[in-house]
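The block underneath contains the structure these notes are about, expressed in structure tokens.
Residue numbers (the numbering used here): 99 to 291.
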């Protein structure tokens, strides 16, 4: 185990760093989503809207659901997770891009769901992602744990498979733009025990 790595619950003051790490973890999906703040003339940039989303305690996906990894006192990564509740079955996607993700989430009602796991590039290869993943598994308690990743993200898939996750379903992703990367969303689940 690498020395100097510490996990802690995120704090409100971490919101800007969380927005950056969430963008890394989502490979651009977050900033694409956050651009709505600019279109609505609520913010000047997508990241400003992302910061506001991280601060907003009225919905999932903010600082309260996040864990921070630090390396020698510097923020190095994050994970974000929560249980998939039965009301998810009634949700409709806000945009067609989210439809395949929601379809996959609806297959794992009751599971702990790892929404995001991201590590700054300069801190990769130190076991930080693995520590965050293990922590999310522990946060899940006696529930199965699920997550969704891109079909092209082989490094992440290797990490998940090494931690006992197995692929359970795939859905074709809706590209963010005309020249977007074509891929599938892959649902992984780790059963209890």
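Glycine included, C-beta positions come from ideal geometry on N, C-alpha and C.
Spatial distance of residue 213 from residue 164 (CA atoms): Residue numbering aside, residue 213 sits at position 115 when the chain shown is read from its first letter. Residue numbering aside, residue 164 sits at position 66 when the chain shown is read from its first letter. Whole-angstrom Cα-Cα distance: 10 Å.
Using the three-state DSSP reduction, which class does residue 285 fall into: helix, strand or coil? Residue mapping note: residue 285 aligns to position 187 of the chain shown, counting from 1. Assigned with DSSP and collapsed to three states, residue 285 falls in strand.
Hey, residue 211 and residue 179: beta-carbon distance below 7 Å or not? What you label residue 211 is simply residue 113 of the chain shown in a count that begins at 1. What you label residue 179 is simply residue 81 of the chain shown in a count that begins at 1. With contacts defined by Cβ atoms closer than 7 Å, residue 211 and residue 179 form a contacting pair.
With a cut-off of 8 Å on the beta carbons, I'd call residue 174 and residue 226 a contact; round off their distance for me. Numbered from 1 along the chain shown, position 76 holds the residue referred to as residue 174. Numbered from 1 along the chain shown, position 128 holds the residue referred to as residue 226. About 5 Å; that satisfies the 8 Å criterion.
Please list, in chain order, all residues of the same chain as residue 103 whose beta carbon is under 8 Å from its beta carbon, the five residues on each side excluded. As a first step, residue 103 is located in the chain shown; it is residue number 5 there, counting from the start. The beta carbon of residue 103 is closer than 8 Å to those of 167, 168, 169, 174, 224, 225, 226, 229 in its chain, skipping five residues each way along the sequence.
In chain order, what residues of the same chain lie with their CB nearer than 7 Å to the CB of residue 194, ignoring the 5 residues before and after it? Numbered from its first residue, the chain shown carries residue 194 at position 96. The answer, listed in chain order, is 272.
With DSSP collapsed to three states, give me the class of residue 213. Residue numbering aside, residue 213 sits at position 115 when the chain shown is read from its first letter. For residue 213, the three-state secondary structure derived from DSSP is strand.
Are residue 285 and residue 216 close, meaning C-beta to C-beta below 7 Å? Counted from its first residue, the chain shown places residue 285 at position 187. Counted from its first residue, the chain shown places residue 216 at position 118. Contact flag unset, no.
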